[in-house]
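Here's the structure we're looking at; comments come further down.
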Amino acid sequence: MTITKKGWGLNDSVVLMRIFIGWHFLYEGIIKIYNPDWTSFGYLASAQGPLKSVFAALTNEAIIGWVDGLNMAALIVVGLCFLFGVFEKKAAIIGIGLLAMYYLAHPSFPWLIEANVEGSYWFVNKNLIELAACMVIFQLPTGHYFGLKRLFSKKNNEIKIEKV
Amino acid sequence: MKWTRRDMIKGLGSLPIAGAVWWAGASSSVLNSKKRSELLEQLNIEPSLPSALPPIGGNPIRVGIIGYGIRGEQLCRALGFASKEWLQNMQKSVDENPKHTALKDFQAQDKLNVQLVAVCDVFDVRAQNVVDSFSTKDNPVKRYKTYQEMIRSGNVDAVIIATPDHWHAPMAIDALENNVHVYVEKPMTHTVEETYRLREAAKKSKAKFMVGHQHRQTLSFKTAQDVVKKGTLGHINMIQTNTNRNDDNGAWNYDIHEKANEQTIDWEQFLGSAPKVPFNKNHFFRWRKWWAYGSGLSGDLLSHDYDRLNCVINMGIPESIVASGGIYTHNDGRNVPDVLQVNMEFPEFSIGSSQKAGKEKGMTFIYSATLGNGFNRPTILMGHDATMELGNRLTIWPDGQSTKYDEMLKAGKMRPSTPIFQYDPGANIPDAISSATSQYFADKGLMWTYIDGVRVDSTFLHLREWLSVIRNGGTLSCGIKEGFEEAMVAHMTGLSWKLGRRIDWDHNTETIEPIEGVDFDAILLSSTNV
């Protein structure tokens, strides 16, 4: 039953990555939900790049409340799913969607002047890297290895793990 | 199915992580907001809303506009009357850039109970523009050739005066003597002598008199009054306020209209009391550059900066003024300085102190201006306990050596580099501002303010207050007392620059200390320095 590999393997690395991303998403969501003054207005209103007008439209008074609420909920849901190792594929898709929007609102294109950026980026920035990492999680779910799934669908997954 | 200890660890291992992250996020947010509210509670600053005005009921107030130049046009728009030409231009701007808000802001502006019934402008094109744009079947706008005819016509209840400075007082006095209400642009007079005469006329008249310092309506300034009153800054010992502009418009080189000529402009009437010179388009459109018609930086921009602070700390006329400067950036035939430094002394100034009684008293007010550099130097009020930056936004930093905040500084609850209070009523509103000059005015809170997150033209609020007081009675925020102070300060500054010496004010007699052999008004109006 406990035919596990010795040492640090791919599963462990993916789990670590999954937990870190989940951690990050959850913290971003929690920080916002407990701060009554938080709003995505500034981020959206200052959007740049080809989809500038789409993001500007989201700042409309009638919908900004929904935009904020959905963003917080999505962050928390993705965070918890990644941490607990449940519904990873669905969560990864939502995560990819969120990160794509964050990236497109403020893309690291060299011809755009970006204010308040903490690093130096040329097309690729941390949002884009996290997005790629979510793709890995989508393709390599590890909840059965480390996560609640291990407790509920144990047998089926043992074998799969061995194949990795 | 059996679960081993390893299964339990690997299955439930992430639960404590999730719990920890949740706790960390929640406590950090809650702690931050607790710290903030603790600080705000101690400061107890209340961002104030403009006082509610009773509605302007009854028949519409009949208003005449005297002077439909750049400012006259803005004032009419604030009243609710935008020229056809402007509406077309703004529509074009919106078509080019949907974010352009001027048209939307104008359309959203509340309607005032006024009728624009009369215009007086010595330039035919401008007068005709008013007649064509605002005449309706029921209300034809009438053009008057002179202001005297308009004031005596019996058709106007109130006039707005937006002429060159040398016409402000004669027109305002004439209107007040005929009990016609007056809204006059700043500075309210052009000479020292007129300033007393206008004050007399305003006191005697039944009509209401308002000076056009519209920033008195700006929310950040009302909040600043509360900040100062609560002793947040401690003893204010220095104020710095500045003008930095670096564009033609900002240096008063306005456009010259193509149809301007001796046939379309009543040149004699424009000159009035000014020295008789042959027809000159440059003088007509760019009159702010000559002492004969305007008063340069001291009357045009220092007057705003002085009044912005006078409305916050009510410091009155200084005991003395020293000014220096020159024509250093626009040597184009003008005779008013384009770089100017002014020091005003208020040795008796005190609004309370956090230190032992008698240690602190007095303040210097520094105004520094250049029309050859656009770097934004903010207005700052410097007190023993804190520093306040004041514009459309308002920010307060504690001073590292503050007495009042000593404990909080030592406890690490405050840091000199971190603002303890920030007030930005328009924080979430992205602006599409067009020109350098309008940005300059916007930063100073001279263009608009925000009420409940909606951008409102402060000139509109100022005019509305005037109209409301005309109809319902009450006190004007910038009446003759405030106007007297700003005009006198502007004149003392002009005199100091021209004479190259200190000008003193006698508070007991309310006069400028005489200087032997010097006729102040002759100096003020002369085109050369002494």
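For the protein sequence lines, the chains are U and Y, in the order given. Going by the working numbering, the first sequence opens with residue 19, and the numbers climb by one from there. Going by the working numbering, the second sequence opens with residue 20, and the numbers climb by one from there. C-beta atoms are modelled at their ideal positions from N, C-alpha and C, and glycine is treated no differently.
If I'm right that residue i touches residue j with Cβ under 8 Å, what's the distance once you round it to whole angstroms?
i, j, result
"F142/Y", "T283/Y", "6 Å"
"L149/U", "L117/U", "4 Å"
"D525/Y", "E532/Y", "6 Å"
"V10/U", "G165/U", "Residue 10/U is absent from the structure shown; chain U starts at 19 and stops at 182."
"I255/Y", "I332/Y", "7 Å"
"G44/Y", "I112/U", "With 8 Å as the limit, G44/Y and I112/U do not qualify as a contact, their Cβ atoms being about 19 Å apart."
"A506/Y", "P206/Y", "5 Å"
"N272/Y", "A388/Y", "Between A388/Y and N272/Y the Cβ distance is about 16 Å, and since that is not below 8 Å, they are no contact."
Please list, in chain order, all residues of the same chain as residue i whose beta carbon is under 8 Å from its beta carbon, the five residues on each side excluded.
i, result
"S545/Y", "W310, K517"
"L428/Y", "P417, G419, S421, R434, P435"
Residues of chain U with CB closer than 9 Å to the CB of residue i, please, in chain order.
i, result
"K53/Y", "By Cβ distance, chain U contributes nothing, its closest Cβ being about 11 Å from K53/Y, past 9 Å."
Just checking: is the beta-carbon of residue i within a distance shorter than 8 Å of some beta-carbon in chain U?
i, result
"K130/Y", "no"
"A127/Y", "no"
"S56/Y", "no"
"K123/Y", "no"
"S112/Y", "no"
"V40/Y", "yes"
"G345/Y", "no"
"D143/Y", "no"
"T530/Y", "no"
"W22/Y", "yes"
"K29/Y", "yes"
"G410/Y", "no"
"D450/Y", "A caution first: D450/Y carries a pLDDT of 45, below 50, which makes its placement in the model unreliable, though a value can still be read off. It does not: the Cβ of D450/Y has no partner Cβ on chain U nearer than 8 Å."
Might you give, ordered along the chain, the residues of its own chain that have their beta carbon closer than 6 Å to the beta carbon of residue i, omitting 5 neighbours on each side?
i, result
"A65/U", "F73, A123"
"V246/Y", "I64"
"V211/Y", "H510, F539, D540"
"P130/Y", "Strictly speaking, residue 130/Y in this sequence is Lys, with Pro absent from that position. The answer, listed in chain order, is G99."
"T348/Y", "D357, L390, G391"
"V183/U", "Chain U is shown from 19 up to 182; residue 183/U falls before or after that span and cannot be answered."
"L409/Y", "A243, T398"
"K227/Y", "H200, V488, I489"
Using a C-beta to C-beta distance shorter than 9 Å, which residues of chain Y count as neighbours of residue i?
i, result
"G87/U", "By Cβ distance, chain Y contributes nothing, its closest Cβ being about 16 Å from G87/U, past 9 Å."
"L34/U", "Simply none; closest approach about 11 Å."
Tell me the rounded alpha-carbon separation between residue i and residue j.
i, j, result
"F365/Y", "F384/Y", "8 Å"
"E115/Y", "V85/U", "28 Å"
"T23/Y", "P128/U", "54 Å"
"I340/Y", "L217/Y", "23 Å"
"I37/U", "T237/Y", "50 Å"
"V150/Y", "A405/Y", "53 Å"
"H276/Y", "P125/U", "46 Å"
"P449/Y", "M119/U", "Any answer about P449/Y is weak, because its pLDDT of 44 lies below 50 and its placement is not dependable; what the coordinates show is given next. Cα to Cα, P449/Y sits roughly 20 Å from M119/U."
"S343/Y", "R490/Y", "44 Å"
"A110/U", "F156/U", "5 Å"
"V95/U", "L58/Y", "34 Å"
"E204/Y", "H232/Y", "8 Å"
"G91/Y", "L328/Y", "25 Å"
"V59/U", "W41/U", "The sequence given here has Phe at residue 59/U, not Val. Going from the Cα of F59/U to the Cα of W41/U covers about 24 Å."
"C497/Y", "S314/Y", "20 Å"
"A220/Y", "L413/Y", "37 Å"
"H568/Y", "G371/Y", "Chain Y is shown from 20 up to 549; residue 568/Y falls before or after that span and cannot be answered."
"F479/Y", "A430/Y", "46 Å"
"Q107/Y", "P297/Y", "36 Å"
"F503/Y", "R264/Y", "27 Å"
"G335/Y", "G77/Y", "37 Å"
Starting from the C-beta of residue i, find all residues in its chain whose C-beta is less than 7 Å away, skip the five residues before and the five after it, and write them out in chain order.
i, result
"L135/Y", "V82, I84, C95, L98, F100, F153, V160"
"G86/Y", "D140, I180, A181, T182"
"F125/Y", "R96, A101"
"L486/Y", "I75, I80, L131, V133"
"Q128/Y", "G99, D476, F479"
Would you mind telling me which residues of chain Y sit closer than 8 Å to residue i, beta carbon to beta carbon, in chain order?
i, result
"I49/U", "G44, S47, S48"
"L98/U", "A37"
Which chain U residues sit within Cβ distance under 7 Å of residue i?
i, result
"I36/Y", "I37, W41, L101"
"L32/Y", "Reading off the sequence shown, one finds Gly at residue 32/Y, where the question assumed Leu. By Cβ distance, chain U contributes F164."
Would you mind telling me which residues of chain Y sit closer than 7 Å to residue i, beta carbon to beta carbon, in chain order?
i, result
"Y52/U", "G44, A45, S48, V49"
Closer than 8 Å, CB to CB, is residue i near chain Y or not?
i, result
"G165/U", "yes"
"L199/U", "Outside the modelled stretch of chain U, which goes from 19 to 182, sits residue 199/U, for which no answer is possible."
"K24/U", "no"
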